[in-house]
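Here's the structure we're looking at; comments come further down.
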Amino acid sequence: MTEHLDEMACLLYQEGQMERARAREVSAHTEECADCRELLRALGSETKLLKRAMIEEDEPLPERLAALPGRSGPPLPWIWGAVLGLAATGVYGLYSGYLEPVMGRLDEIGFGGSDVISMLIFQGAFWKGWQSMISLIQILAMATMAGTAALFARRWLRRPRAMAVVLSSFCVLLALPGGAGAQETHLRVVGQHAYQRQIYTLQKDEIVKNDLYVVAGRVRIDGTIDGDLVAAGESVDVDGTVTGDVIAFTKNLRVKGKVDGSVRVFASSLVLSGPVGRNVTSFTEVFDQDAGSQIKGGVTAFTDSLSLDGKTGRDVLAYAKQTTLTGLIGGNLKLKGRSLSIASTAQVQGSSEFTGKEKAEVSPEAKLGSPLVYKEYKEEPRRWASHHYGFQIFWTLGKMLFGLALFLLLPEFARQTTGAAGRYGESFGVGLLMLIGVPIAVGIACVTMIGIPLGIAAFFLWLAMMYCAQIAVGAIVGGWILGEAPAGDVWALAARMALGVVVIRIVFYVPHAGGLARLAVILWGMGAIALAVYKRFQRGTPVLPSAPAAQPA
Amino acid sequence: MIEPAEAVQRAQAGDAEAWGEIYRQFAGAIFRFCRRALPTREDAEDATTEIFMKVREKIGQYDPSRSFSAWLYKVSANHCWDILRRRKGRQDKETEDVAELPLAHPAPGQLERLIEQSTSEQVRGALGRLNPRARMALVLRYYSEMNYDEIAEALGVPRGYVGVVLLRARHELRQALERPEALAAGGTR
Chain A
5 MTEHLDEMAC LLYQEGQMER ARAREVSAHT EECADCRELL RALGSETKLL KRAMIEEDEP
65 LPERLAALPG RSGPPLPWIW GAVLGLAATG VYGLYSGYLE PVMGRLDEIG FGGSDVISML
125 IFQGAFWKGW QSMISLIQIL AMATMAGTAA LFARRWLRRP RAMAVVLSSF CVLLALPGGA
185 GAQETHLRVV GQHAYQRQIY TLQKDEIVKN DLYVVAGRVR IDGTIDGDLV AAGESVDVDG
245 TVTGDVIAFT KNLRVKGKVD GSVRVFASSL VLSGPVGRNV TSFTEVFDQD AGSQIKGGVT
305 AFTDSLSLDG KTGRDVLAYA KQTTLTGLIG GNLKLKGRSL SIASTAQVQG SSEFTGKEKA
365 EVSPEAKLGS PLVYKEYKEE PRRWASHHYG FQIFWTLGKM LFGLALFLLL PEFARQTTGA
425 AGRYGESFGV GLLMLIGVPI AVGIACVTMI GIPLGIAAFF LWLAMMYCAQ IAVGAIVGGW
485 ILGEAPAGDV WALAARMALG VVVIRIVFYV PHAGGLARLA VILWGMGAIA LAVYKRFQRG
545 TPVLPSAPAA QPA
Chain B
6 MIEPAEAVQR AQAGDAEAWG EIYRQFAGAI FRFCRRALPT REDAEDATTE IFMKVREKIG
66 QYDPSRSFSA WLYKVSANHC WDILRRRKGR QDKETEDVAE LPLAHPAPGQ LERLIEQSTS
126 EQVRGALGRL NPRARMALVL RYYSEMNYDE IAEALGVPRG YVGVVLLRAR HELRQALERP
186 EALAAGGTR
């Protein structure tokens with residue numbers, strides 16, 4: 005053998021990775037060839053140097069690794085304290101800066117004691133703080149940009165620090181005073197016109213040949229709209245003509261003019277005096293149809309007080325506490341509520357049906373197509389209760405089965421989620437951020453057309469997380485009762501989850517505390533799920549091998 | 006002190022104390038592994054924490070008839086390699102091109118002198134300037150003492166290519182030892 009061995013052959017020989025026959029050849033060659041023998045020796049020395057350099061304990065174990073990770077979560081717990089504190093500050097800022105004024109105005113305008121939906125529907129339409137909301141959106145946009153920057157700089161900014169920086173920025177910006185126009189009504193008209201006034205009036209001789217969207221303190225339509233009118237404001241008066249639909253979100257809507265299409269309204273009161281070409285749909289406290297009004301289509305009303313004095317061409321379907329009928333109904337009348345009074349001038353050409361607590365007062369002079377059918381409303385509390393509890397049991401079983409399916413299909417994710425739920429501080433902190441932050445982010449995303457699909461997807465994901473929160477928390481609660489599930493035993497974990505879900509749902513029935521428990525479970529569970537998802541996206545999911553086939557060399 | 010095998014067995018049954026013992030026994034070694042494999046100390050600290058959290062979650066999958074430390078290193082290798090792969094960009098493209106270049110046969114005497122003159126500290130410094138795959142290969146082989154099959158699996162390369170990866174890594178290391186500035190741009194530090 006005259007040629008020298010190549011370095012690869014020497015390395016494989018020296019590392020014991022060569023086939024036996026070839027190794028014998030190499031061995032024989034190195035006995036004769038001093039150069040190759042020397043190369044082999046040098047490679048061996050290099051190996052020793054590498055091993056020595058690597059195994060030397062040149063650095064002590066960092067202090068933050070001295071504590072056992074696991075239930076207590078990753079180090080830097082102060083960060084999560086800061087996160088919670090900042091989130092609480094943000095929530096307080098939102099409450100005191102935005103929500104409290106809104107609630108204060110509720111009483112001023114007579115919506116005190118209304119439910120949340122009423123507040124959102126009625127108050128939101130004519131709240132004079134939209135400019136502030138625009139400022140808030142700008143602030144959130146800045147916070148989003150800061151977050152994106154932190155994401156790019158994450159190599160230098162450690163993740164928890166980056167999060168703290170973003171939150172700090174958010175809170176600091178939130179604390180900044182609002183713009184000068186905070187108390188001005190923001191008017192936005194999409195379509196032909198844009199106005200910046202408290203009162204918007206479409207003059208009598210004006211014609212808008214398009215849909216008109218208007219937000220103002222008071223909206224008055226004396227002219228003609230050749231399209232739909234979508235209006236929001238403290239009061240909306242339509243004295244002119246609308247060839248399309250009228251859609252209004254307001255305190256008071258008065259329609260004296262002519263509407264060729266339908267009227268759909270969310271308002272405190274609706275007074276209808278003019279003709280309506282199609283249907284009326286009303287979510288109001290008071291709905292008055294004057295004697296001179298004529299609705300060619302039907303009426304669907306959800307209201308406290310309903311008074312129909314004019315003419316309605318087709319059916320009337322209403323859920324109203326009190327209904328007074330003095331006018332004409334061309335179709336059927338179907339009502340649910342507390343009381344019904346049918347005056348002598350009333351006329352119903354179709355059938356009449358009333359379900360209520362009090363028997364209807366029907367004048368003998370009233371002209372009804374068929375005798376009124378009265379059904380007494382019975383609460384049947386016991387039957388309802390049994391249905392209610394049956395439904396709850398069914399719901400709990402459904403949740404347990406859903407959780408079981410999740411645990412079996414995604415055991416790794418389930419394990420990560422329950423692990424994250426075990427880190428209480430983090431889970432609650434992140435849960436609080438998710439509960440508040442995601443809807444805000446969805447709102448921001450939906451401001452732009454491009455962001456709408458993303459916003460909707462995020463919203464549904466958020467709902468799914470809220471639904472699954474009980475499952476994650478259930479696994480932890482079950483673990484408290486039965487002890488921690490053996491590692492890798494998905495069925496044991498699922499059994500704990502099932503038990504935990506039952507316990508949680510029982511706790512929900514405790515008066516007062518049940519509501520708090522619900523909130524806590526949502527925060528805790530959503531946080532745990534978010535942390536597990538974050539972990540998966542952050543570091544990926546490397547496939548964990550089973551034990552090696554052979555012992556390491 | 007609990008024996009490692011017993012600690013693992015008890016940890017699998019959910020014994021928190023046993024888990025603590027496992028952590029105490031292996032945390033230092035795994036931190037050093039991460040320190041050798043990853044570019045910065047902060048990365049190594051984060052990765053160590055995450056590896057142990059992962060191991061705790063996955064410990065039920067461990068087969069007690071095999072070596073626990075070998076399994077632990079495999080989990081660690083996968084985790085660190087995953088981190089490095091996520092950071093690859095233009096830099097990896099450059100190193101792939103470099104990997105195609107032929108290797109010069111070393112002069113045995115010169116290599117011996119280089120090794121004699123190099124200290125462990127210098128080697129660690131040079132190691133930090135290698136491209137991620139070269140560094141990872143050397144760490145897996147000479148720190149974790151993985152065999153070629155395990156290295157191939159961890160790095161996702163054919164088994165027959167492991168020797169090439171290791172040899173090229175050694176060449177890069179020698180170059181870094183001879184000319185510290187030469188590979189400075191190629192590393193990830």
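Chains A and B, in that order, give the protein sequences.
For the first sequence, my numbering gives the first residue as 5, with consecutive numbering after it.
For the second sequence, my numbering gives the first residue as 6, with consecutive numbering after it.
Backbone N, C-alpha and C fix where the C-beta goes; we use that ideal spot for every residue, glycine too.
Keep in mind that this is a model prediction, so the values were computed, not measured.
Using the C-alpha atoms, what's the distance from VAL80 (chain B) back to ILE533 (chain A)?
23 Å
Below 8 Å, can you find three or more Cβ-Cβ pairs linking the stretch 495–503 of chain A to the stretch 518–536 of chain A?
no
Is the shortest distance between the beta-carbon of ARG95 (chain B) and the beta-carbons of chain A less than 9 Å?
Reliability of the predicted coordinates at ARG95 (chain B) is poor, the pLDDT of 39 falling under 50, and the value obtained from them is presented with this limitation in mind. ARG95 (chain B) does not count as touching chain A.
What's the gap between the Cα of LYS315 (chain A) and the Cα of LYS300 (chain A)?
8 Å
For ASP68 (chain B) and ASP20 (chain B), the rounded distance between their alpha carbons:
17 Å
Do the stretch 106–123 of chain B and the stretch 27–46 of chain A make contact, defined as three or more Cβ pairs closer than 8 Å?
yes
Starting from TYR153 (chain B), trace the beta strand (DSSP E) both ways and give me its first and last residue.
Unbroken run through TYR153 (chain B) is the alpha helix (DSSP H), 153–160; no beta strand (DSSP E).
In this structure, how does DSSP classify TYR378 (chain A) when only helix, strand and coil are distinguished?
strand
Suppose you measure from the CA of GLN17 (chain B) to the CA of GLN127 (chain B); what does that come to, to the nearest Å?
41 Å
Counting C-beta neighbours from all protein chains within 10 Å, is the total for LEU561 (chain A) 16 or more, i.e. buried, or is it exposed?
In the structure as shown, chain A begins at 5 and stops at 557. Residue 561 (chain A) is therefore absent and cannot be evaluated.
Just the C-alpha distance for ARG192 (chain A) and ALA220 (chain A), rounded to the nearest angstrom, thanks.
The pLDDT assigned to ARG192 (chain A) is 42, lower than 50, so where the model puts this residue is not dependable; a value taken from the coordinates is nonetheless given after this. Cα-Cα distance, rounded: 8 Å.
Can you tell me whether DSSP reads ASP62 (chain A) as helix, strand or coil?
coil
Since PHE38 (chain B) sits in a beta bridge, which residues does DSSP pair it with?
PHE38 (chain B) pairs with nothing; no bridge assigned.
By a C-beta neighbour count over all protein chains shown, 10 Å radius and 16 as the cutoff for buried, is MET12 (chain A) buried or exposed?
exposed
Three or more beta-carbon pairs under 8 Å between the stretch 365–381 of chain A and the stretch 476–486 of chain A, yes or no?
no
Going by the CB atoms, is the gap between SER356 (chain A) and LEU609 (chain A) shorter than 9 Å?
In the structure as shown, chain A begins at 5 and stops at 557. Residue 609 (chain A) is therefore absent and cannot be evaluated.
Would you list, in chain order, the members of the stretch 46–63 of chain A that have their beta-carbon closer than 9 Å to a beta-carbon of chain B?
ALA46, LEU47, SER49, GLU50, THR51, LYS52, LEU53, LEU54, LYS55, ARG56, ALA57, MET58, ILE59, GLU60, GLU61, ASP62, GLU63
Would DSSP call LEU16 (chain A) helix, strand or coil?
helix
Environment of THR328 (chain A) [buried if 16+ CB atoms lie within 10 Å]:
buried
Residue range of the unbroken beta strand (DSSP E) whose run includes ASP241 (chain A)
233–242
CA nearest to the CA of THR330 (chain A), picked from A:ALA322, A:SER309, A:GLN293, A:LYS363
A:GLN293
With DSSP run on the structure shown, which of helix, strand or coil describes GLY165 (chain B)?
helix
Exposed or buried, which one is CYS14 (chain A) when buried takes at least 16 other CB atoms within 10 Å?
buried
Sequence-distant residues of the same chain with beta carbon closer than 8 Å to SER125 (chain B), five excluded per side
none
Name the two residues that bound the continuous alpha helix (DSSP H) containing SER31 (chain A).
24–36
Counting Cβ pairs closer than 8 Å, one from the stretch 49–67 of chain B and one from the stretch 146–165 of chain B, do we hit at least three?
no
Beta-carbon proximity check, VAL234 (chain A) vs ILE203 (chain A), cutoff 9 Å
no
Just the Cα atoms here: how many angstroms apart are GLU177 (chain B) and ALA536 (chain A)?
39 Å
Could you give the first and the last residue of the continuous beta strand (DSSP E) run that contains SER356 (chain A)?
356–360
Give the straight-line distance between the Cα atoms of PRO415 (chain A) and ALA468 (chain A), rounded to the nearest whole angstrom.
18 Å
Say whether chain B places a C-beta atom closer than 9 Å to the C-beta of HIS33 (chain A).
no
Anything in the stretch 8–28 of chain A with a Cβ closer than 9 Å to a Cβ of chain B? List those residues in chain order, please.
HIS8, ASP10, GLU11, MET12, LEU15, LEU16, GLU19, GLN21
Is the distance from the Cβ of VAL269 (chain A) to the Cβ of VAL246 (chain A) below 9 Å?
no
Between ASP249 (chain A) and chain B, is any beta-carbon pair separated by less than 9 Å?
no
Based on the DSSP output, what are the partners of ILE229 (chain A) in its beta bridges?
A:VAL212, A:VAL246
What whole-angstrom Cβ distance do ILE120 (chain B) and ALA142 (chain B) have, given they're in contact under 8 Å?
So it is not a contact: roughly 19 Å between Cβ atoms.
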